[in-house]
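Counted from 1, the sequence shown has number 336 at position 330 by my numbering; the numbering is strictly sequential.
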Amino acid sequence: MLWLEDRVGNDVMIRRWGFTWALQICFPLFASRFSLYCHAMRYRTLGKTGLRLSVIGLGTWQFGGEWGMNFSQPDADAILDAAEACGINLIDTAECYGPDHISERLIGDYLSRRDRSRWLVATKFGHHFNSFMNRTDDFSVDGVRAQLDASLKALHVETIDLYQFHSGSDDLFQNEKLWTMLAEQKRAGKIRHLGVSIMQKGSELQAREAAKFGVEALQVFYNRLDRRPEQIFFPHARRDHLGIIGRVPLASGLLTGKYKPGATFAANDVRSQIDAERMKRDLAEVERLQKKEVPAGVPMANWAMAWCLQDPIVSSVICGCKNPEQVRANASAAELVTA
Numbered sequence: 007m008l009w010l011e012d013r014v015g016n017d018v019m020i021r022r023w024g025f026t027w028a029l030q031i032c033f034p035l036f037a038s039r040f041s042l043y044c045h046a047m048r049y050r051t052l053g054k055t056g057l058r059l060s061v062i063g064l065g066t067w068q069f070g071g072e073w074g075m076n077f078s079q080p081d082a083d084a085i086l087d088a089a090e091a092c093g094i095n096l097i098d099t100a101e102c103y104g105p106d107h108i109s110e111r112l113i114g115d116y117l118s119r120r121d122r123s124r125w126l127v128a129t130k131f132g133h134h135f136n137s138f139m140n141r142t143d144d145f146s147v148d149g150v151r152a153q154l155d156a157s158l159k160a161l162h163v164e165t166i167d168l169y170q171f172h173s174g175s176d177d178l179f180q181n182e183k184l185w186t187m188l189a190e191q192k193r194a195g196k197i198r199h200l201g202v203s204i205m206q207k208g209s210e211l212q213a214r215e216a217a218k219f220g221v222e223a224l225q226v227f228y229n230r231l232d233r234r235p236e237q238i239f240f241p242h243a244r245r246d247h248l249g250i251i252g253r254v255p256l257a258s259g260l261l262t263g264k265y266k267p268g269a270t271f272a273a274n275d276v277r278s279q280i281d282a283e284r285m286k287r288d289l290a291e292v293e294r295l296q297k298k299e300v301p302a303g304v305p306m307a308n309w310a311m312a313w314c315l316q317d318p319i320v321s322s323v324i325c326g327c328k329n330p331e332q333v334r335a336n337a338s339a340a341e342l343v344t345a
């Protein structure tokens, strides 16, 4: 089997599995019998980092077991292989996604057997996993240095492409000694770029002062149900040429349109923590959007991801998934991105 790659300008790569391509040309009546596929993926540069990210990234919180199921190494391999096949090159994880760096370890085992150069790896620091949705903060200089080394080991990499301050308070963020240590680790080659993953209701301060501490990218909670970043974070990103990565573009799955008012989630699913009134309100809004804004014939999830990418300041949106089919469905949203 052979990969074929076509580049269109600087932003689009069409990646085709050679056998499927041959079938489509020579035996079109039989091509549909095969589950192979073709996607057009777009890429954007993350601020001034020079990193070219696929506009659809792969979120891996689910690998830690807090989204209703546990993942084996073959499960993770299948998901990551599907992502790579679709042109996705960004993996986003964190040291606290599951016990003992389990999300990072699943990714690291995979990377140890694949071509590392095809991937941009982003991870985060600041929390120690205790149990389901239970963390202990550790943003101390020594603690973060140890977390970095542990993440490098778990991921089987020598360098982390984007190392992110993870949902910490403003007081923890403004620790100059922490950023001095991280700058030293960057010079040592353990980190390529620094970022901040701002908590869902985080303040403006971390975006406003990001450049002061050598931060080059912001990861923000952004979707059609929560447009707050457009006023709070995007202006600072424009001013300081910071990259933006949007997380939770599907509002934890609500913007897929699969869930109706009254939907409930298992106790081991993080969505079971959402306030019932908020869930009811959000699902009612999803129904309205589905009727009023989603174009006919377009899957709501694809529309929701592409909506987050309307503003070119957003380089990528990271989407979780539970199987290869969901990866492929997410990747297909890139076809709706026009620039």
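Don't be surprised by glycine CBs; every beta carbon is placed ideally from N, CA and C. Predicted, not measured: the structure shown is a model, and the values here were computed from it.
query	result
For Y116, the first and last residue of its enclosing alpha helix (DSSP H)	I108 to L117
Bridge partners - S60, DSSP secondary structure assignment	Y49
Simplified DSSP state of D98, which is helix, strand or coil	strand
8 angstroms contact criterion, which M47 and A269 should meet: CB distance rounded	Actually they are not in contact, since the Cβ atoms of M47 and A269 sit about 31 angstroms apart, beyond 8 angstroms.
As assigned by DSSP and simplified to three states, the class of L295	helix
For G71, the residue or residues it bridges with in DSSP	Paired residue(s): none; G71 is not in a bridge.
Residue closest to M75, alpha-carbon to alpha-carbon, out of S109, A302 and F135	S109
Straight-line Cα distance separating G114 from A194	21 angstroms
M75: CB within 7 angstroms of a non-hydrogen atom of the ligand FMN	Looking for the ligand FMN in the displayed structure turns up nothing, as the structure carries no ligands at all.
Within 8 angstroms, strictly: CB atoms of I204 and S321	no
Where T344 falls, given that 16 or more other Cβ within 10 Å makes a residue buried	exposed
C327 and Y228 closer than 8 angstroms at C-beta	no
Ranges of the beta strand (DSSP E) found wholly within the stretch 244–309, counting only runs of at least 3	249–253
Contacting residues, own chain, Cβ-Cβ under 6 angstroms from P105 (five flanking each side not counted)	F135
Assigned secondary structure, C325 (DSSP; H/G/I helix, E/B strand, else coil)	strand
Neighbour flag for W185 against chain B, beta carbons, 8 angstroms	Absent from the structure: chain B. Only one protein chain is present.
Nearest-angstrom beta carbon gap, A89 and F69 [assumed within contact, 8 angstroms]	About 13 angstroms; that fails the 8 angstroms criterion.
Cut-off 6 angstroms between Cβ atoms - residues of its own chain near F219, not counting five sequence neighbours on either side	W185
Option nearest A84 by Cα separation, candidates L112, L57 and D98	L112
Counted within 10 angstroms of its Cβ, other Cβ atoms place Q316 as buried (16 or more) or exposed	exposed
Under 8 angstroms between C-beta atoms of G63 and I324	yes
Whole-number beta carbon distance between A213 and H242, since they are thought to touch under 8 angstroms	4 angstroms
Own chain, CB closer than 7 angstroms to K54, minus 5 neighbours either side, in chain order	E222 and H247
The beta strand (DSSP E) enclosing Q225, as first and last residue numbers	A223 to F227
Closest Cα partner of A100 within the set L168, R230, L117 and A91	L168
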